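Asks: Take a look at the following structure, please.
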Amino acid sequence: EKLTPEITAVITATLFPAQVVGLTAWGEARARYARGKGWLPNPIDAMADICEVIATRTADPRWAALGHADVCLQRSQFSCWASAGGRDNFEAVIERAQWLIAGKEPSSKLKGGIDVAEAFMAGTHPGRLSGATHYHATWIYPPSWAAPPAVFVAEWYGHRFFRNVP
84 EKLTPEITAV ITATLFPAQV VGLTAWGEAR ARYARGKGWL PNPIDAMADI
134 CEVIATRTAD PRWAALGHAD VCLQRSQFSC WASAGGRDNF EAVIERAQWL
184 IAGKEPSSKL KGGIDVAEAF MAGTHPGRLS GATHYHATWI YPPSWAAPPA
234 VFVAEWYGHR FFRNVP
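Here my numbering is used: the sequence shown runs in plain steps of one and ends on residue 249.
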């Protein structure tokens, strides 16, 4: 069946918040692009960074009312949830979401992403990004929001992280 916005909405509404956050982390950070080398796998720390950004956003007044899952699903925030932002990645995330709904055991990498998501949501995972609320892939031209007053925080595993983004 064709994947429509309505079907996607039903799928995402069926997931638990930790599954949405874990899928977001998996979709955004399971691998990175390295010029001349192609796609390289990332460690769980890369997914933890994405979970931390999501958790930090939920404490920010701009997103606090949304909750963890809705922060992930906000339009134009995380490319793995946007069919136009990388169809293959979007379809991979939706496929894994359907597997989770069906009770299929996730891969060890996705399971790790969900476990880290749960820890961040519970406030028990230490962060290392000093309040970063935004990031972009290192292989793209920096978006306009990455200019001052945004403050660069760190670069790891194919992502650049920022705080104080207006």
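Yeah, the Cβ is synthetic: ideal placement off N, Cα and C, and Gly gets one too. What you are looking at is a predicted structure, and each value in this text was computed from that prediction instead of being measured.
(1) For residue 99, tell me which candidate among 135, 139 and 150 has the shortest Cα-Cα distance.
(2) Measuring alpha carbon to alpha carbon, tell me which of 180, 124, 155 and 248 ends up nearest residue 226.
(3) Apart from the five residues just before and just after residue 67, which ones in its own chain have a Cβ nearer than 8 angstroms to its Cβ?
(4) Does the contact criterion of 3 or more C-beta pairs under 8 angstroms hold for the segment 170-184 versus the segment 229-239?
(5) With distance defined between alpha-carbon atoms, name the residue in 245, 109, 230 and 244 nearest to residue 174.
(6) Determine the direct distance from the alpha carbon of residue 171 to that of residue 160, and round the result to whole angstroms.
(7) Under 9 angstroms, do residue 95 and residue 146 count as touching if we go by C-beta distance?
(8) Among 103, 133, 184 and 224, whose alpha-carbon lies nearest the alpha-carbon of residue 153?
(9) Who are the Cβ neighbours of residue 217 in its own chain at under 6 angstroms, not counting the five residues just before and after it?
(10) Grab me the residues of residue 232's own chain with a C-beta within less than 6 angstroms of its C-beta, minus the 5 sequence neighbours each way, in chain order.
(11) Tell me which residues share the same chain as residue 195 and place their Cβ nearer than 8 angstroms to its Cβ, disregarding the 5 neighbours each side in the sequence.
(12) Report yes if the C-beta distance between residue 176 and residue 86 is below 9 angstroms; otherwise report no.
(13) Tell me the residue span of the beta strand (DSSP E) that contains residue 238.
Replies: This is what the structure holds:
(1) Answer by Cα proximity: 150.
(2) When the alpha-carbon of residue 226 is set against those of 180, 124, 155 and 248, the nearest one is in 248.
(3) It is not possible to answer for residue 67, since the shown part of the chain is limited to 84 through 249.
(4) Short answer: they don't touch.
(5) From the listed residues 245, 109, 230 and 244, the smallest Cα separation to residue 174 is found for 109.
(6) Here the C-alpha atom of residue 160 lies approximately 17 angstroms from the C-alpha atom of residue 171.
(7) No; because the gap between Cβ atoms is not below 9 angstroms, this pair is not in contact.
(8) Comparing Cα positions, the closest option is 103.
(9) Taken in chain order, the residues that qualify are 245 and 248.
(10) Excluding residues within five positions, the ones whose Cβ falls inside 6 angstroms are 247.
(11) Within the same chain, residue 195 has close Cβ partners 127 and 130.
(12) No. Outside cutoff.
(13) Counting along the chain, the beta strand (DSSP E) containing residue 238 begins and ends at 234-239.
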